[in-house]
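Input: a single structure, listed below in C-alpha cells.
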Amino acid sequence: MTALLDAHGLSFSHGQAPFLTPVLRDLSVSIRPGELTVLMGPSGSGKTTLISILAGLLRPTSGHVDLCGERITGMDDAAVTAARRRSLGFVFQAFHLFEALSAVDNVAEILALSGVPIRAARERSRELLVRFGLGDRLDNRPGQLSAGQRQRVAIARALAPNPKIVIADEPTVALDGATAKSVMQLLREYVSGGTAVVLVTHDTRLITPTDRIIELEDGRIVRDGSAHGREEEE
Amino acid sequence: MHRIALKTLLHHRAKVFAALAGVAFATALMVIQIGLYDGLRARASILVDRVGGDLWIMAAGTSMVDDSELLASGIDLRASAHPCVESVRPAIVAWLPYRTPAGARHTLQLVGTDADTSRGAPLVPWSMAEGLPGDLRGPGRVAIDEGDLRQLGLRPPLMGHRLEIAETEVRVAAVTTGIRNVSLIPIVFADIVTARELAHASPTGATYWVLDLAHPSCGPSIAAEIEREHPDLLVLTGEQLAARTQHHVVTESGAGVALAFVALLGLIVGVVIVGQTLFSLVREHHKELGMLRAVGATRGELAAFVGWMATFVAVVGGGIGLGLAFAVDSGLGGRSIGIVYGPEAVLGGLAAVFVMCGIAGAISLASVLRLDVVKVLQ
Ligand SMILES: Nc1ncnc2c1ncn2[C@@H]1O[C@H](COP(=O)(O)OP(=O)(O)O)[C@@H](O)[C@H]1O
Ligand SMILES: [Mg+2]
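Note that the protein sequences, when read in sequence, are chains A and B.
Under our numbering, the residues of the first sequence are numbered 1 to 234, in order.
Under our numbering, the residues of the second sequence are numbered 1001 to 1378, in order.
Below, the structure written as C-alpha cells:
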C-alpha cells in the first residue's frame, strides 16, 4: 500500500549555529492508511516536533515530507496550509474548543472553513456528535461539558472533513481511564475505515497488539513494529 | 470566519462593552469637534454668505469681515459705471460703544445694509423672531437678537425698547433669533442710513461695497482694475472674503488647534481602548487560533478573525458615537453654541472610526500573523 505520509532523513534543531540543540536526527518514517501508529518515547524525545514537521507546521532542518504524494517540504505557506486542509485532522491534548460556540458549531464552523455550506456542515456535525454519544449535548458550550465530552467534540471536529490522516498529540492525558478508552474506541473505528491515525501517548493501556509502535529516544527511532512484536521482545 | 469571530467577541461581554464605549466616545468626540469647527467657520463667514454679491470692495489689509474701516466715497459710482456691474450695495460693519439702560458700557457690532430689498437684494437680517427686515427702514431703528438680552441689559418686551448706541438713541424695531458672531458680542442690525449715522460715516459712506455682476466671469478684470486705480483697496469675491475670514478666525483664535487637539485625544483614547480589547481577545484565543492554523486555516482567515471583530466594533461603536453626537447637539437645542454636522463631520467621524479600529486591529493582527503554532499547541 502507498504511504499517506512519507518522511525521509528528517533532522531538526532548535537555535542557531553553533548553538544548535538537535531534536530529531536523521529520522525516516512512513504512515499507511488504516494503520494506528502510536508514537511513544520519553518527554523531550521529539514526538511533538516530529508530528509538527509531518503536518508541515514546522520546517525540518534537513530531509523532506511527502503528504499524500505531494512534497510539502519547501512549499510556500499557503500551499502547505491547503494540503493540510485537504488531508489532515488534528486532536490536541487540551481540546482547543471555542468557548463561545456550541458543541455543534465547534465542529461545523471548522468544517465550513473548508468550503462546506454552514447548513450542511451543521447537519453533518450533528450526525457525527450523535454517533459519538453527544446527542443530548449538541447545543451545550464547552464549559458545560465534561473533559471526555469535550475531547469527543474535538475528535468530531478533526474527523468531520474526512481527513486521510488524523494526528492526535496525547489526546487522553486529561481524561480518566474509562473515558480515555472510549475516546480511543472512536479513533479505532475510523482506523478500520481506512483512516491513518498517528497517536502520541504514554499510556500503554490504550495499545492493542495490532497497533504499530514507534519509539523515539533522543530524536531517533529506536523501535518500529507491531505492539505484538514489542511484547515478544520484552 | 465571521461567525466564529463575532460569537467570540460577543461572548466577552465586558470587553465588547469597553470597546464599544471607547469607540462611541471617541467618535462622538471627533464628530462634535469637527462639528464645532465647522460651526465656528460657518458663523465666522455668515455675514458674507448672507449679504451675498459677486465682489466685495474693502480696505486693503482687511483680514476678516468683522475688521473693516470706512472707505473713501465715490468708488461706488465709478464701479457702477462698469457695464458688467448690475448693482452696487453699501454695507457697514463696525464695532460701536453701547450703554445699557443701567449705565454700563459695552461694545456691540453694528451691521448696516440697505433695508429696501425691493430690488432683489438678500434679506438682512435673515432670522427674525419679531418684525421683518423692512421694518428697519426709517430713522433710529435697529434689530437686536433675543439671545443678547442679558448682555444688552434689556428686559422683554423688546419691541419698542430704547437703546443708546454711540451716544445716539435708537429704538428696537425688529428682533432676530439665533444670530451670533464668533466673538459672541451682541450684533445689531440697522438700515444703511441709520448705520451711517451711528458709525459717523458720510451719507454715502460704507465699509464695504458689494457688487452684483451681470456675469461672474468679469469679476477678475473688474477687481484688478479697481485695485490698480486704488492701491488702498482690496477686492475679493464673496467666497474669498468668507474663506479669509474663516481662516483668520480659526488661526487667530487658536480654536482650530484646540479642536484638533481634542479630536486627536479622542482618536488616541479610542485606539488604546479598542486596541487593548482586541489584543487581549486575540491573546486569550491564541490556542484556538493555533488550532485553526493546524487544521488548515490560512493566515488570511486568522486575520479575518481580527478583521471581523474590528469591523463590528467600528460599525456598532461608530453608529452609537454618531447618535451620541447628534443627541448632544439636539440636547443643547436653541442654546447651541453652533455645531454644524455637515458631511465633513460625519465623514470625518467615520474616517476616525476607520483609522481607530484599523490601527487597533493592526496591532492584534501582527500578533496573529506571528503566531507560533507549534509553541501555542505544545
Ligand atoms: N523553542 C525551543 N527551543 C529550544 N528547544 C526546544 C524548543 N521547543 C522544544 N525544544 C526541545 O526540543 C526537544 C523535543 O521537544 P518535543 O518535541 O516537544 O518533545 P516531546 O513532545 O517528545 O516531549 C525537547 O528537548 C525540548 O526541550
Ligand atoms: Mg509533546
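Beta carbons are placed, not taken as given, at the ideal position from N, Cα and C, and that holds for glycine.
> Among B/1116, B/1214 and B/1147, which one has its Cα closest to the Cα of residue 1132 of chain B?
Replying inline: Residue mapping note: residue 1132 of chain B aligns to position 132 of the second sequence, counting from 1. Out of B/1116, B/1214 and B/1147, B/1116 has the C-alpha closest to the C-alpha of residue 1132 of chain B.
> Roughly how far, in whole angstroms, is the beta-carbon of residue 1294 of chain B from the beta-carbon of residue 1377 of chain B, given that I think they are within contact range, below 8 Å?
Replying inline: Here residue 1294 of chain B is taken as the residue at index 294 of the second sequence, counted from 1. Here residue 1377 of chain B is taken as the residue at index 377 of the second sequence, counted from 1. Correct: roughly 6 Å between the Cβ atoms.
>> Just checking: is the beta-carbon of residue 1294 of chain B within a distance shorter than 8 Å of some beta-carbon in chain A?
In response: Here residue 1294 of chain B refers to the residue found at position 294 when the second sequence is read from its first residue. Interface residue, yes.
> Listing by chain order, which chain A residues have their CB less than 8 Å from the CB of residue 1007 of chain B?
Replying inline: As a position in the second sequence, residue 1007 of chain B is number 7, starting the count at 1. Using a Cβ-Cβ cut-off of 8 Å, residue 1007 of chain B is close to 98, 100, 101 and 105 of chain A, given in chain order.
>> Just checking: is the beta-carbon of residue 12 of chain A within a distance shorter than 8 Å of some beta-carbon in chain B?
In response: Residue numbering aside, residue 12 of chain A sits at position 12 when the first sequence is read from its first letter. Chain B contact via Cβ: absent.
> Taking 7 Å as the cut-off, does the CB of residue 1287 of chain B come closer than this to any heavy atom belonging to ligand 2?
Replying inline: Counting from one through the second sequence, the residue named residue 1287 of chain B turns up at place 287. False, no ligand heavy atom lies under 7 Å from that Cβ.
>> Between the alpha carbons of residue 87 of chain A and residue 81 of chain A, how many angstroms are there, rounded?
In response: By 1-based counting over the first sequence, the position of residue 87 of chain A is 87. By 1-based counting over the first sequence, the position of residue 81 of chain A is 81. Roughly 10 Å between the two C-alpha positions.
> With which residues is residue 14 of chain A paired in a DSSP beta bridge?
Replying inline: Taking the first residue of the first sequence as 1, we reach residue 14 of chain A at position 14. DSSP output for residue 14 of chain A lists A/21 as bridge partner(s).
> Along chain A, which residues have their Cβ under 8 Å away from the Cβ of residue 1287 of chain B?
Replying inline: The residue given as residue 1287 of chain B occupies position 287 in the second sequence. Residues of chain A passing the Cβ test: 94 and 96.
> Do you know offhand how far residue 1269 of chain B's Cα is from residue 1006 of chain B's?
Replying inline: Residue numbering aside, residue 1269 of chain B sits at position 269 when the second sequence is read from its first letter. Residue numbering aside, residue 1006 of chain B sits at position 6 when the second sequence is read from its first letter. Going from the Cα of residue 1269 of chain B to the Cα of residue 1006 of chain B covers about 23 Å.
> Under the criterion of a Cβ to heavy atom distance below 7 Å, does residue 224 of chain A qualify as lining ligand 2?
Replying inline: Here residue 224 of chain A corresponds to residue number 224 of the first sequence, with the count starting at 1. Answer for residue 224 of chain A: no, Cβ out of range of ligand 2.
> Applying a beta-carbon distance threshold of less than 7 Å, which residues of chain B neighbour residue 110 of chain A?
Replying inline: Walking along the first sequence from the start, residue 110 of chain A turns up at place 110. Those are 1295, listed as they occur along chain B.
> Nearest CA to the CA of residue 1313 of chain B: which residue from B/1297, B/1299, B/1357 and B/1343?
Replying inline: Translated into positions along the second sequence, residue 1313 of chain B becomes position 313. When B/1297, B/1299, B/1357 and B/1343 are compared, the shortest CA-CA separation from residue 1313 of chain B is found for B/1357.
>> 8 Å is my cut-off, CB to CB: does residue 1277 of chain B come that close to chain A?
In response: Looking up residue 1277 of chain B in the second sequence gives position 277. Residue 1277 of chain B does not count as touching chain A.
> Should residue 239 of chain A be flagged as near chain B, meaning a C-beta pair shorter than 8 Å?
Replying inline: This structure leaves residue 239 of chain A out entirely; chain A is present only between 1 and 234.
> At a Cβ cut of 8 Å, what residues of the region 1233-1250 of chain B count as close to chain A, listed as they run along the chain?
Replying inline: Listed by position along the chain: nothing, the set is empty.
>> Just to make sure I have the definition right: I need the residues of chain B whose C-beta is within less than 7 Å of the C-beta of residue 52 of chain A. Which are they?
In response: Sequence index remark: in the first sequence, residue 52 of chain A carries index 52 (1-based). Going along chain B in sequence order, the residues near residue 52 of chain A (Cβ under 7 Å) are 1374.
>> Residues of chain B with CB closer than 7 Å to the CB of residue 4 of chain A, please, in chain order.
In response: As a first step, residue 4 of chain A is located in the first sequence; it is residue number 4 there, counting from the start. Chain B residues near residue 4 of chain A: none, gap ~16 Å exceeds 7 Å.
>> I need the boundaries of the beta strand (DSSP E) containing residue 1208 of chain B, first residue and last residue.
In response: For the purposes of this step, residue 1208 of chain B is identified with residue 208 of the second sequence, where counting begins at 1. Where residue 1208 of chain B is concerned, the enclosing beta strand (DSSP E) stretches over 1208-1213.
> Within 8 Å (strictly less), CB to CB, does residue 1146 of chain B reach chain A?
Replying inline: Taking the second sequence and counting its residues from 1, one reaches residue 1146 of chain B at position 146. Closer than 8 Å: no.
> Going along chain A in order, which residues have a C-beta closer than 8 Å to the C-beta of residue 1283 of chain B?
Replying inline: As a first step, residue 1283 of chain B must be located in the second sequence, where it is residue number 283. By Cβ distance, chain A contributes nothing, its closest Cβ being about 14 Å from residue 1283 of chain B, past 8 Å.
> Hey, residue 3 of chain A and residue 31 of chain A are a contact pair by Cβ (cut 8 Å); roughly how many whole angstroms apart?
Replying inline: Within the first sequence, residue 3 of chain A is the residue found at index 3, counting from 1. Within the first sequence, residue 31 of chain A is the residue found at index 31, counting from 1. Contact flag correct, Cβ pair sits at about 6 Å.
>> Between residue 91 of chain A and residue 171 of chain A, how many whole angstroms is the CB-CB distance? I'm expecting something under 8 Å.
In response: Taking the first residue of the first sequence as 1, we reach residue 91 of chain A at position 91. Taking the first residue of the first sequence as 1, we reach residue 171 of chain A at position 171. Rounded, the Cβ-Cβ distance is 5 Å, consistent with contact.
>> Whole angstroms are fine: how far does the CA of residue 79 of chain A sit from the CA of residue 1301 of chain B?
In response: Here the question's residue 1301 of chain B lines up with position 301 in the second sequence. Here the question's residue 79 of chain A lines up with position 79 in the first sequence. Approximately 14 Å, taken between the alpha carbons.
> Is it right to say residue 1045 of chain B is buried, meaning 16 or more other beta carbons lie within 10 angstroms of its own, or is it exposed?
Replying inline: As a position in the second sequence, residue 1045 of chain B is number 45, starting the count at 1. With a threshold of 16 other beta carbon atoms within 10 Å, residue 1045 of chain B meets it and is buried.
> In chain B, which residues lie with their C-beta within 8 Å of the C-beta of residue 114 of chain A?
Replying inline: As a working note, residue 114 of chain A is residue 114 in the first sequence. Those are 1296, listed as they occur along chain B.
> Between residue 1206 of chain B and residue 1125 of chain B, is the Cβ-Cβ spacing less than 8 Å?
Replying inline: On the second sequence, position 206 is the one that residue 1206 of chain B refers to. On the second sequence, position 125 is the one that residue 1125 of chain B refers to. Not a contact, by the Cβ cut-off of 8 Å.
> Taking C-alpha atoms, which residue in A/50, A/173 and A/127 lies nearest to residue 5 of chain A?
Replying inline: Taking the first residue of the first sequence as 1, we reach residue 5 of chain A at position 5. Residue A/50 is the option with its Cα nearest to residue 5 of chain A.
> Opposite residue 1189 of chain B in the DSSP bridges: which residues?
Replying inline: Counting from 1 along the second sequence, the entry for residue 1189 of chain B is found at position 189. Paired residues: B/1111 and B/1143.
> Touch check for the region 1183-1196 of chain B and the region 1088-1103 of chain B: three-plus C-beta pairs under 8 Å?
Replying inline: yes
> Touching or not, the region 1302-1312 of chain B and the region 95-102 of chain A, by the rule of three or more beta carbon pairs under 8 Å?
Replying inline: no
> Going by the beta-carbon positions, is the gap between residue 1031 of chain B and residue 1292 of chain B smaller than 8 Å?
Replying inline: For the purposes of this step, residue 1031 of chain B is taken as residue 31 along the second sequence, with counting starting at 1. For the purposes of this step, residue 1292 of chain B is taken as residue 292 along the second sequence, with counting starting at 1. Going by C-beta atoms, residue 1031 of chain B is not nearer than 8 Å to residue 1292 of chain B.
> Do you know how far the Cα of residue 1220 of chain B is from the Cα of residue 1245 of chain B?
Replying inline: Locating residue 1245 of chain B in the second sequence gives position 245, counting from the first residue. Locating residue 1220 of chain B in the second sequence gives position 220, counting from the first residue. Straight-line Cα distance between these residues: approximately 20 Å.
> Can you give the beta carbon distance from residue 1085 of chain B to residue 1241 of chain B, rounded, assuming they're within the 8 Å contact cut?
Replying inline: Taking the second sequence and counting its residues from 1, the one referred to as residue 1085 of chain B is at position 85. Taking the second sequence and counting its residues from 1, the one referred to as residue 1241 of chain B is at position 241. Actually they do not touch by this definition, with Cβ atoms about 17 Å apart.
>> With a threshold of 8 Å between beta-carbons, can residue 1273 of chain B be considered close to chain A, or not?
In response: Residue 1273 of chain B sits at position 273 when you count from the first residue of the second sequence. Output row for residue 1273 of chain B: interface = no.
> Which chain B residues sit within Cβ distance under 9 Å of residue 77 of chain A?
Replying inline: Against the first sequence, residue 77 of chain A aligns to sequence position 77. Correct list: 1298 and 1299.
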